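Read through the structure below, which is laid out as structure tokens, and then see the notes.
There are 2 protein chains.
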Amino acid sequence: MSLSYALLAALCDRPCSGYDLAKQFQGSVGYFWSATHQQIYRELHKLEDLGWINATEVSQDGRPDKKVFSVTPLGCDRLRQWISTPHDLPVTKDEILVKVFAGYLVPSSVLVGQLRHCQQQHQARLEVYQDIEAQFFQHLPPEPNHRHFAYLTLKRGISFTQEWIRWCEETIVWLEKYLS
Amino acid sequence: MSLSYALLAALCDRPCSGYDLAKQFQGSVGYFWSATHQQIYRELHKLEDLGWINATEVSQDGRPDKKVFSVTPLGCDRLRQWISTPHDLPVTKDEILVKVFAGYLVPSSVLVGQLRHCQQQHQARLEVYQDIEAQFFQHLPPEPNHRHFAYLTLKRGISFTQEWIRWCEETIVWLEKYLS
DNA sequence: GGTGCCATGTAACGAGTTACATGATTGG
DNA sequence: CCAATCATGTAACTCGTTACATGGCACC
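Here it is as structure tokens:
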């Protein structure tokens, strides 16, 4: 199952605790792969049983202890295998598209409202992406390292979000032109 | 749950049987909302119990009988309400992004192979979209009707698929330039 | 006579979500 | 003292997938 591999990929980048992972997967990384903390803890136990990751107890002062997980050589190997296996395209289920598809059922102002809402959310997301870009990827060294790979995925996030905003705009313009 | 509304939207467009819906949701419509026939039949029973749709037995010759479902006024109303309710952006879980994110773990040729695979699948999808465009949306009347709404969603499909292809290409070029 | 399409379902399982639960510490 | 953050978990439920099941007709 793919969540395992997303977790392995995150832990390969940097070992961390379930809590840390949950935060990442709800923040920026969550824009292309999300999971709740319940799912993550459950999955981490499985991966530990499989011997793909192992935990180190880290006691902190002023904070609860935590278990920091690292990927084992076996886990890393399984991740490599998975990366090398072709997969089909994922299905994206998008409520806004269903709304537009059946948009003739509601007043155009209502549909425009939904599209604006969608556009604003993408706008907010875009700003998060651009902040990340400015903070972490502005001054990448010319010789390729593993940060560059993360940057390639961020760039997809940026261009897709921009494309969303453009499509929302175009659709709103059409609706206002023909249905007002 | 959203599958209900996707089904209502499809049935509002044109009443049909579970089998018909399953075909639609595995073909072109399935590129932005998918469901298997098992899910669809289960959901149709629920919607019938709720009184949001009702069935008419249609006996055919040379073929098994079928149940054609239509949306009731109540169902239509619920769909309108749902359309008018704001929703959060859906999460897209994309394996290829996880692969690129952890792409430093495998030889660049392997990653390029995965990207080419992804690009080809999007290319095939684009051709399906463009066929649909040519067949059904080439000669839309100037006055807006409900076909136009479907066309707006198709246009999103086209531009996103093109953006995918572009991103794959860009990423492949980068990988080949710096890691060969 | 076999393959494939039409048509509808059940059963079991795995993935994902929501609610509930605990307990320490830091900062206002 | 109250809220927020750190940190980890269980339980119940819904959604989605895979496998299994049936049966007739059409076409080669």
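Line by line, the protein sequences are chains A and B. Using my numbering, the first residue of the first sequence is number 4, and each one after it goes up by one. Using my numbering, the first residue of the second sequence is number 4, and each one after it goes up by one. Glycine included, every Cβ here is placed at the ideal spot set by N, Cα and C. Because the structure is a prediction, the values reported are computed rather than measured.
**Prompt:** Which one of B:K96, B:H149 and B:V113 has the shortest CA to CA distance from L10 (chain A)?
**Reply:** For the purposes of this step, residue 10 (chain A) is identified with residue 7 of the first sequence, where counting begins at 1. The residue with the shortest Cα to Cα distance from L10 (chain A) is B:K96.
**Message:** Can you pull out the residues from the segment 85-100 of chain A whose beta carbon lies closer than 9 Å to at least one beta carbon of chain B?
**Reply:** W85, I86, S87, T88, P89, H90, D91, L92, P93, V94, T95, K96, D97, E98, I99 and L100
**Distance CB(Q165 (chain B))-CB(L129 (chain B)) smaller than 8 Å** = The sequence position of residue 165 (chain B) within the second sequence is 162, counting from 1. The sequence position of residue 129 (chain B) within the second sequence is 126, counting from 1. Yes, the Cβ-Cβ distance between Q165 (chain B) and L129 (chain B) is below 8 Å.
**Prompt:** So which of B:L24, B:T88, B:K180 and B:P144 has the shortest CA-CA distance to K70 (chain B)?
**Reply:** Locating residue 70 (chain B) in the second sequence gives position 67, where the first residue counts as 1. When each option's Cα is compared against that of K70 (chain B), the closest is B:L24.
**Item:** Assigned secondary structure, A58 (chain B) (DSSP; H/G/I helix, E/B strand, else coil)
**Value:** The sequence position of residue 58 (chain B) within the second sequence is 55, counting from 1. Correct three-state label for A58 (chain B): strand.
**Request:** Report yes if the C-beta distance between V113 (chain B) and I86 (chain A) is below 8 Å; otherwise report no.
**Result:** As a working mapping, residue 113 (chain B) is identified with position 110 in the second sequence. As a working mapping, residue 86 (chain A) is identified with position 83 in the first sequence. It is a contact, given that the beta carbons lie within the stated cut-off.
**Prompt:** If you follow the alpha helix (DSSP H) that V109 (chain A) is part of, which residue opens it and which one closes it?
**Reply:** Looking up residue 109 (chain A) in the first sequence gives position 106. Careful: V109 (chain A) lies outside any alpha helix (DSSP H) and carries neither H nor E.
**Request:** Report the three-state DSSP secondary structure of S73 (chain B) (helix, strand or coil).
**Result:** The residue labelled residue 73 (chain B) in the question sits at position 70 within the second sequence. S73 (chain B) falls in the strand class under three-state DSSP.
**Message:** So the candidates are A:P110, A:T156 and A:V61; which of them puts its Cα closest to the Cα of S261 (chain A)?
**Reply:** Residue numbering for chain A in the displayed model covers 4 to 183; residue 261 (chain A) lies beyond these limits and cannot be assessed.
**Prompt:** Between R150 (chain B) and the rest of its own chain, which residues show a CB-CB distance below 8 Å, the 5 nearest in sequence each way excluded?
**Reply:** One-based indexing of the second sequence puts residue 150 (chain B) at position 147. Cβ within range, chain order: F139, F140 and L143.
**Prompt:** Hey, is L24 (chain A) close to the ligand SAM, as in C-beta under 7 Å from one of its heavy atoms?
**Reply:** Inclusion of the ligand SAM in the displayed structure is not the case, the ligand content being empty and no account of it being possible.
**Request:** Take I99 (chain B) and list the residues in its own chain whose beta-carbon comes closer than 6 Å to its own, dropping the five residues that flank it on each side.
**Result:** What you label residue 99 (chain B) is simply residue 96 of the second sequence in a count that begins at 1. Around I99 (chain B): C121.
**Message:** Measuring straight from C-alpha to C-alpha, what distance separates V109 (chain B) and D91 (chain B)?
**Reply:** On the second sequence, residue 109 (chain B) is found 106 positions in, with the first residue counted as 1. On the second sequence, residue 91 (chain B) is found 88 positions in, with the first residue counted as 1. Computed Cα separation, rounded: 35 Å.
**Prompt:** Quick one: any contact between the segment 74-83 of chain B and the segment 29-41 of chain B, if contact means 3 or more CB pairs under 8 Å?
**Reply:** no
**Asked** Are V94 (chain A) and G33 (chain B) close, meaning C-beta to C-beta below 8 Å?
**Response** Counted from its first residue, the first sequence places residue 94 (chain A) at position 91. Counted from its first residue, the second sequence places residue 33 (chain B) at position 30. Cβ distance < 8 Å, so V94 (chain A) and G33 (chain B) count as in contact.
**Message:** Please tell me whether H120 (chain B) has its Cβ less than 8 Å away from any Cβ of chain A.
**Reply:** What you label residue 120 (chain B) is simply residue 117 of the second sequence in a count that begins at 1. Chain A contact via Cβ: present.
**Prompt:** Going by C-alpha distance, which of B:S5, B:Y154 and B:L182 is nearest Q84 (chain B)?
**Reply:** Here residue 84 (chain B) is taken as the residue at index 81 of the second sequence, counted from 1. With distances taken between Cα atoms, Q84 (chain B) lies closest to B:S5.
**Asked** From what residue to what residue does the alpha helix (DSSP H) around Q27 (chain B) run?
**Response** Here the question's residue 27 (chain B) lines up with position 24 in the second sequence. G21 to Q29 is the span of the alpha helix (DSSP H), which, as asked, contains Q27 (chain B).
**Message:** Can you check which of these residues, B:I135, B:L82 and B:L50, is closest to Q27 (chain B) by C-alpha distance?
**Reply:** Stepping through the second sequence from its first residue, residue 27 (chain B) is reached at position 24. If we check each option's Cα against that of Q27 (chain B), B:I135 comes out closest.
**Request:** List the endpoints of the continuous alpha helix (DSSP H) containing K180 (chain B).
**Result:** Residue 180 (chain B) sits at position 177 when you count from the first residue of the second sequence. Here the alpha helix (DSSP H) through K180 (chain B) covers H149 to Y181.
**Prompt:** For A127 (chain B), does the count of other Cβ atoms within 10 angstroms reach 16, so buried, or fall short, so exposed?
**Reply:** Start at 1 with the first residue of the second sequence, and residue 127 (chain B) comes out as number 124. Classification of A127 (chain B): exposed, given that the 10 Å Cβ count is below 16.
**Request:** Starting from L44 (chain A), follow the alpha helix (DSSP H) in both directions and report where the run begins and ends.
**Result:** For the purposes of this step, residue 44 (chain A) is taken as residue 41 along the first sequence, with counting starting at 1. Residue 44 (chain A) is actually Tyr in this sequence, not Leu. Its alpha helix (DSSP H) spans residues H40 to L53.
**Request:** Since I believe F152 (chain A) is in contact with G106 (chain B) (beta carbons under 8 Å), could you give me their beta-carbon distance rounded to a whole number of angstroms?
**Result:** Mapped onto the second sequence, residue 106 (chain B) falls at position 103. Mapped onto the first sequence, residue 152 (chain A) falls at position 149. About 5 Å separates the two Cβ atoms, so the contact holds.
**Asked** Just curious, the alpha helix (DSSP H) that S5 (chain A) is in, first and last residue?
**Response** In the first sequence, residue 5 (chain A) corresponds to position 2, counting from 1. Per DSSP, S5 (chain A) belongs to the alpha helix (DSSP H) from S5 to D16.
**Prompt:** When burial is assigned at 16 or more other CB atoms within 10 Å of the CB, is K180 (chain B) buried or exposed?
**Reply:** Locating residue 180 (chain B) in the second sequence gives position 177, where the first residue counts as 1. That one is exposed.
**Message:** Which of the three DSSP states is assigned to S80 (chain A) in this structure?
**Reply:** If you number the first sequence from 1, residue 80 (chain A) lands on position 77. Note that residue 80 (chain A) is Asp in the sequence shown, not Ser. Helix, per DSSP.
**Request:** Kindly indicate if chain B contains any beta-carbon less than 8 Å away from that of V113 (chain A).
**Result:** Taking the first sequence and counting its residues from 1, one reaches residue 113 (chain A) at position 110. By this cut-off, V113 (chain A) is an interface position.
**Request:** Give every residue of the same chain whose Cβ lies closer than 6 Å to the Cβ of K102 (chain B), excluding the five residues on either side of it in the sequence, and list them in chain order.
**Result:** Within the second sequence, numbered from 1, the residue matching residue 102 (chain B) stands at position 99. The residues are Q117.
**Asked** Between the Cα of I161 (chain B) and the Cα atoms of A:Q29, A:T88 and A:W170, which residue gives the shortest distance?
**Response** The residue given as residue 161 (chain B) occupies position 158 in the second sequence. That would be A:W170, whose Cα lies nearest to the Cα of I161 (chain B).
**Prompt:** Do you know how far the Cα of P145 (chain B) is from the Cα of E173 (chain B)?
**Reply:** Along the second sequence, one-based indexing puts residue 173 (chain B) at 170. Along the second sequence, one-based indexing puts residue 145 (chain B) at 142. Distance between the alpha carbons of E173 (chain B) and P145 (chain B) is about 38 Å.
**Message:** As a quick exercise: from B:L50, B:V176 and B:R159, pick the residue whose alpha carbon is nearest that of L82 (chain B).
**Reply:** Here residue 82 (chain B) refers to the residue found at position 79 of the second sequence. Per the Cα distances, B:L50.
**Message:** Any beta carbon of chain A sitting closer than 8 Å to that of K49 (chain B)?
**Reply:** As a first step, residue 49 (chain B) must be located in the second sequence, where it is residue number 46. For K49 (chain B), the answer is no, since every Cβ of chain A falls outside 8 Å of its Cβ.
**Request:** Taking only the alpha-carbon atoms, compute the straight-line gap between D68 (chain B) and A58 (chain B) and give it to the nearest angstrom.
**Result:** What you label residue 68 (chain B) is simply residue 65 of the second sequence in a count that begins at 1. What you label residue 58 (chain B) is simply residue 55 of the second sequence in a count that begins at 1. When rounded, the distance between both Cα atoms is 12 Å.
**Request:** Keeping to the same chain, check which residues put their C-beta closer than 7 Å to that of Y44 (chain B); ignore five residues upstream and five downstream.
**Result:** Taking the first residue of the second sequence as position 1, residue 44 (chain B) is located at position 41. Around Y44 (chain B): G21.
**Check whether W55 (chain B) and L155 (chain A) have beta carbons under 8 Å apart** = Numbered from its first residue, the second sequence carries residue 55 (chain B) at position 52. Numbered from its first residue, the first sequence carries residue 155 (chain A) at position 152. No, the Cβ-Cβ distance between W55 (chain B) and L155 (chain A) is not below 8 Å.
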